[in-house]
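There are 2 protein chains.
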Amino acid sequence: MLHSYRRDQLQRRAGRGENSQVDAMYQVVPGNLPAAREKQSKEVKPLICTILLGLLLVIAAVVAWCYYTASLKKLNSFKIDQLELYKDGFFIKNTANMVLFEMGFKSAPIDLESCFQDEAGNEVNCTKSGEEKVDFFVKAFKPKDTITCYNIEWKTVILDSVVEHCMHWADGHWYGGAETSTQHWPIKISGVMDPKPYVTGDVYSIRDGFGGILERYWISSKSVAVRVNDSVPLHIGWNSSDKEAFCLHARYKDSPFQPTTGQQPFVELSYQVCIGSDLKIIHRYMAKKHFRKPEITPSEFMFRYPKWSTWALFKTEVNQDKVLRYAEKIKKYQFNFSHIEIDDQYSSSYGEFNFDPVKFPNASELLQKLRDDGFQVTLWVHPFVNYNSPSFIKGVENSYFVMDPSGRFPAFVEWWNGIAAVLDFTNPETTDWFQKKLEYLRSKYGIVSFKFDAGETSYLPAKFSTHKPLSDPSLFSKLYAKIAASYCMLAEVRVGYHTQNLPCFVRMIDRDSVWGYELGLKSLIPTVLTMGILGYPFILPDMIGGNVYPNKTDGLDEIPDRELYIRWLELSAFLPAMQFSIPPWLYDEEVLKIAHKFTQLRESLVMPLMLRLAEETTKTGNPIIRPLWWIAPNDKVAQKVDTQFLIGDYLMVAPILEKGKEARDIYLPDGKWQSFNGDLFDKTPNLLTDFAVDLDEVAYFIRMI
Amino acid sequence: MLHSYRRDQLQRRAGRGENSQVDAMYQVVPGNLPAAREKQSKEVKPLICTILLGLLLVIAAVVAWCYYTASLKKLNSFKIDQLELYKDGFFIKNTANMVLFEMGFKSAPIDLESCFQDEAGNEVNCTKSGEEKVDFFVKAFKPKDTITCYNIEWKTVILDSVVEHCMHWADGHWYGGAETSTQHWPIKISGVMDPKPYVTGDVYSIRDGFGGILERYWISSKSVAVRVNDSVPLHIGWNSSDKEAFCLHARYKDSPFQPTTGQQPFVELSYQVCIGSDLKIIHRYMAKKHFRKPEITPSEFMFRYPKWSTWALFKTEVNQDKVLRYAEKIKKYQFNFSHIEIDDQYSSSYGEFNFDPVKFPNASELLQKLRDDGFQVTLWVHPFVNYNSPSFIKGVENSYFVMDPSGRFPAFVEWWNGIAAVLDFTNPETTDWFQKKLEYLRSKYGIVSFKFDAGETSYLPAKFSTHKPLSDPSLFSKLYAKIAASYCMLAEVRVGYHTQNLPCFVRMIDRDSVWGYELGLKSLIPTVLTMGILGYPFILPDMIGGNVYPNKTDGLDEIPDRELYIRWLELSAFLPAMQFSIPPWLYDEEVLKIAHKFTQLRESLVMPLMLRLAEETTKTGNPIIRPLWWIAPNDKVAQKVDTQFLIGDYLMVAPILEKGKEARDIYLPDGKWQSFNGDLFDKTPNLLTDFAVDLDEVAYFIRMI
């Protein structure tokens, strides 16, 4: 081609000199047009150009229109009953179009173009999130006229996935969740918390963790309830300054949750959101559906009379003589008693579960004497076998312990009494060995029951394996609580996870001898209310006055502050059980008098009601101790009250919880109320300000229908 | 511009119709030449074109030349003395230009353009490998006239790096490295082995691992020696079908090696390659430079007389009565003895290091009786404390044990006697406790020394932490061996890592009662030669006839095969120590006679020489037992002989190692040799075929200068 071009150029230069200017202005490039084009008439060309241009305009318009329609489609949402699904999350509105609940898909948006809705409009299925395959669905159903529920399920198909959905927490007050060290009612979240495993823990030692009593259940004052499915490897995180503040976070990576054996290790975040016509209705529906009711009630003794523990008084210095003298004093000062509980360090090493012959030279004689005096006796037990206990050797030989991840060696943990292996209750042989130890104590000494201490997952090794794998580590707490169930009536546990059906008293974690919300007197009502809402009605408050732990006590370190002790005692008298350790006679005559007054008031006033409510809860699952909103579900003030509570629906208690106070504000919800000193209040709802309550008084009100 | 073009085209079409064909053939593109160009005369144009074309050709030529030169530079290599460095590795050639050694940079090539050579040409530094920064250097130096060394160092600056250099293994025969279960001389590698940590291990239980005696040192028959620096997190891998077969692999990731505290965690692969004028010269130079010489010799007793162990005979069924009767029989059958060693399970639990009062009701009396009869007694010890030993509790309380990675809990291991914690000898308090235990045995019972068993890193937990961090886990073996050193003279250890200076006998790992190369009779000479080349001259072969472990025995399981026992005994008589457990009197008169013959021959013939060589090695570091090439370094046949050995330079031993044979081939290297039955051989080198050796004979030859 170059050749013919050059020849042609030379021809032009030689023969047609007059064209040289044009040649210089325009560089010539070889073309290759078909010969036929030359035959087109010159007049047709402009016409064709115009037609082509017109055609182009039409195509452009069509494309623009298509694009516009597609964009419109992209912006679309789905409506499933009252739920509106967007790519970034969903809203649930009430019939008045007010937002009740808002959830954001924080880990990844859903691709709405991959979604399909069924004909009835009750279900939407989506298959993609960005470029990733997911299996997402929302399904609405109405179990009752007053209740609508939505099942939300997000299943991944990629390893190491993380799914995070965050609730708009500021919408209403929230209740439920878990026991915490600083307990508020309603729940307060503050600061930023990275998602952490939602598993049982000892909040006495890990103050910012989740407690030993924990359920995957939250309800809000807007009558919305959320229950996360058991199959979810659930972590909870929050950011109080963010709108989407409270996050449900599912992952297996760097998590103690493990996929169930034989199951694909794909993360799933699935939960149910239900809305109801009011807070009480929605809670009762959810509790009925998701919690099992207690089968029977614990012993009437435990409700009626105080339990006397050796712990706060003697700590690990307990011995035969001290127990005997303690019992003598209880009788001497004419107190009633459910039972005496002999706590930590009656044994020579942790794992023996028997009396130390040095500290208890004649345990049989002691127990016989106590029985003769009418005392029932319980013993403190735990799931640990310390390395220096003879049981440790037996445990290793028989694989009774939680093992390291290899499954070859027992894994150690550190608890408050040293280094130990943990009994692996997924192994029936371990449970059998442990129960035989307890049976021996029962048959040899007549021990009637036990205080089952610990059991939280925070006392499991950081990495471990068990005889039967634990997909959710909190199932360890459940197994431990189930062992306690054989000794209920007078037993106590301090863990609760899916174990509402067990007829055991559940103890809140050890209290410090302080006034405040962090494990102090003020935390009692929020904790009791939370436990009740989580389905645990048989609540054992910790020892009256707290445990007097060093540096964790308001006042002197020997016994609790006198006033704190009195107020604590007064509050305890109205709770499902009452627990003494530091005895009232360590103070003075007045304290003794107040103690007698309130133990008697408990028996005469509280017990008839309490025992009826305990019986009732085996049928309804309703809490015995109830928040004010139980009788005023839409009362915005009642929703926030955390210093008053109801015993059933008709007895309201408003104890003094502040140091140096002999008066307090008391909120009376709608109804006719008669105060403890006989005054009638029927202009309600109403806030009684500076209502006088003397040191030897608790304000309580009877609701007259 | 489009406008002027169209106008021009129309002009041409209208006024010069004859040009339309040309126009159709050539599409016209607008140019923008300056108006001045129009004034150039038509004659100048071709000239300018020609000049421009010429210029273009010149530029092209220059570019091509530059590119060619650059390519040449890229292909270039550096020459550092006899080492040629290429981007993919290096060669070392001898003066006759024959390749002696070849190393490939398997992990990444070096960027030769980043290299600089010093003026003298002895050193090359490079800074890049691909796009990554590295610090690489090669430095040559001549420590002696006959020796040239090269220091090679490859330092990375990126975390989790891996550096791998692979040797061309087929070049020559290689010796050194580590004890292995199937031991060959020279080393045989087969199949593919992914790089694994080059650390001490128990090759009795992990048959394809590296043994308890291990150094980072290899020499080849081409007079090349390689010593890898201690700072390298060394792993060794191989691929026998590859040219670059034997790989030095440095990494921290997924490795028990850890960066030294305070050191950047960057991987370094550094080593020294030295070439010498012959194999013996290069080995002696390297040994002198890299191994410390034994400071003194162990007890003469241990060389001269057999040691008698309870192990293979009684196993863990040992007791006071059995030991006493064993000692009586040794005397009755008129055998000499260095000492009696009481092995495994003299104690009630592992960690007590004391006599079990049930099995040894009167240990003091036993020891007194043995002493009265002239016996010295040693005891078996180990670095383990089993979970069920009372010492376990003491150890946990005092942090005597190797801990889990958190450093909070002792880490368990499983050894052949159960589950145990491992004494952490990086903790001076642990060492002190252990030594006090041994001192007690010494002072209370008159125990003279100990058999220090185990000590390999394979008995450390998979993940662990120690009081003082161990950057190289084999340093644990070193620490353990150092403890043994206080009890040397009659002590034995079975680990060796940088501990050639200790005056202890080093025992090869337990042998099976089999004929073959895998821990059998045939493995003895390769193992002894390897230990010698690694700098350990005081070698304790395992028990005569092997340990008679069930299913690991050629013949019946009760005592070793008679012929195997005899041949093993005969070979042992020529090694630095002799160890009985299964006694000759369990067989018959002939075996007893052979045993007496060889224990006597040992004392009369071997000992004068052996003791002189032992003394000599404290000055030279030379092995006592030497390979044939020690006196014939360039003899290609001698380099491969693994069934004969030299005691010093003048006594050569050629035992029978095959079942049913009473003759064997014997290679005589250059020299004048007189056989054990008096025949003289001076036509050498020579292979004597089918040389007769009766059942009660060992062929040995004296080299007459």
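Sequences listed follow chains A and B, in order. Everything in the first sequence is counted per this note's numbering, starting at 61 for the first residue and increasing by one. Everything in the second sequence is counted per this note's numbering, starting at 61 for the first residue and increasing by one. Where is the CB? At the ideal position from N, CA and C, for every residue including glycine. Note that the coordinates shown come from a computational prediction; the quantities given were computed from them, not determined experimentally.
- In summary, the residues of the segment 473-493 of chain A whose CB is separated from some CB of chain B by less than 7 Å are E474, I479, in the order they occur in the chain.
- In the same chain as P610/B, and ignoring 5 residues on each side of it, the C-beta atoms closer than 8 Å to its own belong to D617, in chain order.
- If the five residues before and after F452/B are omitted, its C-beta is found closer than 7 Å to the C-beta atoms of G411, V445, N446, A481, all from its own chain and listed in chain order.
- Look at H558/A here: in three-state DSSP terms it is coil, with no helix or strand label.
- Under the three-state reduction of DSSP, R468/A is assigned to coil, being neither helix nor strand.
- The distance from the Cβ of S280/A to that of D231/A is about 7 Å, consistent with a contact at the 8 Å cut-off.
- In this model, S291/A and P246/A are separated by some 27 Å (Cα to Cα).
- Collapsing the DSSP output to three states places G149/A in a strand.
- Interface residue (Cβ-Cβ distance to chain A less than 8 Å): Y519/B is not classified as such.
- Scanning P488/B, F512/B, K542/B for the CA closest to the CA of T526/B turns up P488/B.
- In terms of beta-carbon proximity, F469/B lines the interface with chain A, with at least one pair separated by less than 8 Å.
- Scanning chain A for C-beta atoms nearer than 9 Å to the C-beta of N458/B yields nothing, as the closest lies near 12 Å away.
- Ranking P169/B, E144/B, G149/B, D338/B by CA distance to the CA of N157/B puts E144/B first.
- In this chain, the beta strand (DSSP E) harbouring K256/A covers 252-257.
- Annotated as proximal: T187/A and D195/A, with beta-carbon spacing under 8 Å.
- Here DSSP, grouped into helix, strand and coil, assigns F524/B to coil.
- Neighbours of I247/B in chain A, taken as residues at a C-beta separation under 8 Å, are lacking, since the least C-beta distance is about 33 Å.
- When the Cα atoms are used, K497/A and F165/A turn out to be separated by approximately 51 Å.
- Sorting F751/A, K382/A, P729/A, D725/A by C-alpha distance to the C-alpha of N737/A places F751/A at the top.
- For I453/A, the residues of chain B that pass the 7 Å Cβ criterion are Y447, N448, in the order they occur in the chain.
- A buried status is given to E516/B, since no fewer than 16 other beta-carbon atoms sit within 10 Å of its beta-carbon.
- By the Cβ neighbour-count rule, I604/B is buried, with 16 or more other Cβ atoms within 10 Å of its own.
- Note: M764/B is bridge-paired with K732/B in the DSSP secondary-structure output.
- In the three-state DSSP reduction, F420/A falls in the coil class, being neither helix nor strand.
- About 7 Å separates the Cβ atoms of R763/B and D709/B, confirming a contact at the 8 Å cut-off.
- With a threshold of 16 other beta carbon atoms within 10 Å, F494/A meets it and is buried.
- Relative to S546/A, the option among S509/A, S573/A, G236/A whose CA is nearest is S509/A.
- With distances taken between CA atoms, G580/B lies nearest to Y264/B out of R311/B, L339/B, Y264/B.
- For T590/A, the number of other beta carbons within 10 angstroms of its own is at least 16, and it is reported as buried.
- According to DSSP, residue pairing for C175/B in a beta bridge involves C186/B.
- Exposed is the label assigned to F176/A, since fewer than 16 other Cβ atoms lie within 10 Å of its Cβ.
- The segment 564-576 of chain A and the segment 657-669 of chain A do not touch, with fewer than three beta-carbon pairs separated by less than 8 Å.
- In the DSSP assignment, W368/B falls within the beta strand (DSSP E) that extends over 367-369.
- Counting every other CB atom within 10 Å of its CB across the protein chains shown gives W125/B a total below 16, marking it as exposed.
- Taken atom to atom, the span from the alpha-carbon of F317/A to that of F415/B is near 48 Å.
- Ranking Y393/B, E425/B, N379/B by CA distance to the CA of Y406/B puts N379/B first.
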